[in-house]
Amino acid sequence: MTRHNGMDRRRFLTLTGGGLGAAAILGACGDDDPAPAPTTTAAPTTTAAPTTTEAAAPELSGSLRWGAMSLQGLPYFDEVQPTIDSFTALHPGVSIEMEEIAPDGYTEKLVSYMAVENMPDLFFSHNGWVDLFAQQGVTLDMRPYLEADPDLNVDAWYPSMLQVCSTVALGDQAAGEMHCQGMSADVNTFFYNIPMLEAAGLELPGEGFTWDDMAEYARVLTTGDVIGYAPASNNPDNAHGPIGAFGGDFLDEEAQVMLIDDNFRAGLRALWDPVIEGVFATPEQITAAGGPHDGFIGGRFAMVEGAVWSVPALRASEFEWDVHTLPDGTHGTRGGGGTAGWGISSQTEHPDVVWELIKHIYGPAYVPWMEGGAVVPPLKRYADDPRWRQPPPNNHQAFIDAARSIIISPIGGPFDSAGGIHYAEFDGAFRRYVIEGQSMDDALAPYEENMNAALAESPAVRRDIPIEVPG
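Residue 32 in our numbering sits at position 21 of the sequence shown; the count goes up by one each step and never skips.
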């Protein structure tokens, strides 16, 4: 039985996409006043059967604290206490306290906790924070455990999921350290209202569905109060998909300048021109609809951008719907993505116990995650497990194909998800082109200039992802 109903996708992206000032994070390290203590909370108890290896594990002991961001409606919060209960039932010598941490200023709080030696042993994290937390000394490199453990080792994971949670060589930080344990291969896709498409005489999207097709479908579907498609068109992480589908990218790593070429512009036109036309929703229209999920469920949007963790929310729909990879460009389909999961505190006094907890999370405690429909498992052992493939949607292959096309934004400098200027600069370019009606070149000129100036001060690194994923 699933316990989570789904959180608004835009709120989740906002919480996990950064927006915190780097100066504030660095300043928190020297703050004499400790951050406010996390809130202790509780949830109903459930019990899961242990694996054979876990049942035979040596007796563990120690007291842990698990910091959970307040993401009610998503398993990153809802499944924490049940996991604690099932783990401590197997290991009565271990006590674990769940501490709820509010989203506002989340990374600042963790750095502040570290400064006063008040860190939770385990806490919510995601791939966008991997390098920040590693450089600040917040998290522990878990690669030695992954390389030594016979049950949960590097061979158990898809390489793409190891890569997005590993550090890059940036400044004094070494590459290849494992500073996050991801729970799902999350890559952008789109969902569509089947009755709306059928009523409009449109075939359901299939192989070879292109961005031109998406624009044409949106034109047909935009009628009355209905808007054809709702993408996150002003978010660079989401726009990275169509940019990559046309062969573009953000960064020339060797020259440390932005790659604003014809391929980059083609991807933006595929995403932004239909917004000007009124057949793709603006960010303001998405907000007015209550967010992308509510807008889709309520019939305001015929199609909506999302990811696998959108599924629990969309199951509240009273109509039939399904999912497809993002459309093809000249270079096939690409989708922005990553993973969220857990960071291990560099200050933990019980790393071996935390590692056994991690193994439990990916063992019996992972079953409710799959049953809830919100994950594409990052471990090979679950590739064919029917528990995460239950409808709706029917086309779970779309999530697998999307994971094969993952594209990740660069790391460091202006691309830093917790303090970089990229989000604001990209939104500015979007508004100059879409709202103010400037030419593409004029709209991108300040964006390119400001990003290049920031790169000259602080370099960035591309994160190239090996394409080997579930399925």
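Cβ coordinates follow ideal geometry from the N, Cα and C atoms, glycine included. Keep in mind that this is a model prediction, so the values were computed, not measured.
Where residue i sits in the DSSP three-state scheme
i, result
"Gly258", "coil"
"Thr94", "helix"
"Val149", "coil"
"Ala33", "Interpretation of Ala33 is limited by its pLDDT of 24, a score under 50 that renders its predicted location unreliable; the figure taken from the coordinates is listed afterwards. Helix."
"Thr99", "helix"
"Glu108", "strand"
"Tyr240", "strand"
"Ala385", "coil"
"Tyr393", "helix"
"Leu75", "strand"
"Leu181", "strand"
"Leu133", "strand"
"Val268", "strand"
"Asn204", "strand"
"Ile308", "helix"
"Thr298", "helix"
"Asp438", "helix"
"Gly348", "strand"
"Phe144", "helix"
"Phe220", "coil"
"Met194", "coil"
"Pro61", "In this prediction, Pro61 scores a pLDDT of 47, lower than 50, which makes its location untrustworthy; the coordinate-derived value is nonetheless stated afterwards. Reduced to three states, the DSSP call for Pro61 is coil."
"Asp248", "helix"
"Gly340", "strand"
Spatially closest choice to residue i from the options, by CA coordinates
i, options, result
"Ala440", "Arg392, Ala456, Ala243", "Ala456"
"Thr178", "Met189, Met172, Ser171", "Met189"
"Val386", "Thr350, Arg415, Leu151", "Thr350"
"Pro131", "Val122, Asn138, His137, Gly139", "Val122"
"Asn406", "Leu368, Leu232, Gly217, Cys176", "Gly217"
"Ser195", "Lys391, Asp438, Ala464", "Lys391"
"Pro379", "Ser74, Phe88, Ser72, Trp77", "Phe88"
"Ala414", "Glu110, Gln449, Pro170, Pro402", "Pro170"
"Pro404", "Ala250, Gly374, Phe201, Met80", "Phe201"
"Gly258", "Ile271, Arg400, Ala266", "Ile271"
"His137", "Cys176, Leu151, Tyr393, Asp453", "Cys176"
"Trp222", "Gly187, Gly278, Pro103, Gln146", "Gly278"
"Ala251", "Asp284, Arg398, Ser416", "In the sequence under discussion, the amino acid at residue 251 is His, which differs from the Ala named in the question. The option with the nearest alpha carbon to His251 is Ser416."
"Gly104", "Val141, Lys120, Leu71, Gly347", "Leu71"
"Val198", "Asp263, Val322, His342", "Val322"
"Arg311", "Tyr377, Arg345, Asp260, Ala229", "Ala229"
"Ala185", "Leu157, Arg276, Asp152, Trp168", "Asp152"
"Gly435", "Ile422, Tyr458, Ala300", "Here the sequence assigns Ala to residue 435, which means Gly is not the residue at that position. When only C-alpha atoms are compared, the closest one is Tyr458."
C-beta atoms of residue i and residue j nearer than 8 Å
i, j, result
"Asn461", "Ala313", "no"
"Val149", "Gly354", "yes"
"Pro253", "Ala281", "yes"
"Ile112", "Ile95", "no"
"Phe144", "Gly78", "no"
"Thr233", "Val286", "no"
"Leu213", "Val231", "yes"
"Gln83", "Ile369", "no"
"Glu316", "Asn274", "no"
Status (buried if at least 16 other CB within 10 Å, exposed otherwise) for residue i
i, result
"Ser428", "buried"
"Thr298", "exposed"
"Thr336", "buried"
"Ala292", "buried"
"Arg474", "buried"
"Pro294", "buried"
"Glu360", "exposed"
"Ser356", "buried"
"Ala364", "What sits at residue 364 in the sequence shown is Val, not Ala. Classification for Val364: buried."
"Asn164", "exposed"
"Asp339", "buried"
"Ala159", "exposed"
"Gly182", "exposed"
"Ile418", "buried"
"Ala256", "buried"
Residue i - containing beta strand (DSSP E), residue span
i, result
"Ile355", "351-355"
"Gly317", "312-317"
"His335", "332-336"
Extent of the continuous alpha helix (DSSP H) run through residue i
i, result
"Asp273", "273-288"
"Asp160", "No alpha helix (DSSP H) holds Asp160; DSSP gives it neither H nor E."
"Glu119", "117-126"
"His371", "362-372"
"Gln494", "With the chain represented from 12 up to 482, any question about residue 494 goes unanswered, as that position is not in the structure."
"Glu459", "451-468"
"Pro323", "322-325"
"Phe291", "First-last for Phe291: undefined, no H or E at that position."
"Arg415", "408-415"
"Asp89", "86-89"
C-beta neighbour in chain C for residue i, strict 8 Å
i, result
"Gly423", "Considering every chain present, this structure includes no chain C. It has just one protein chain."
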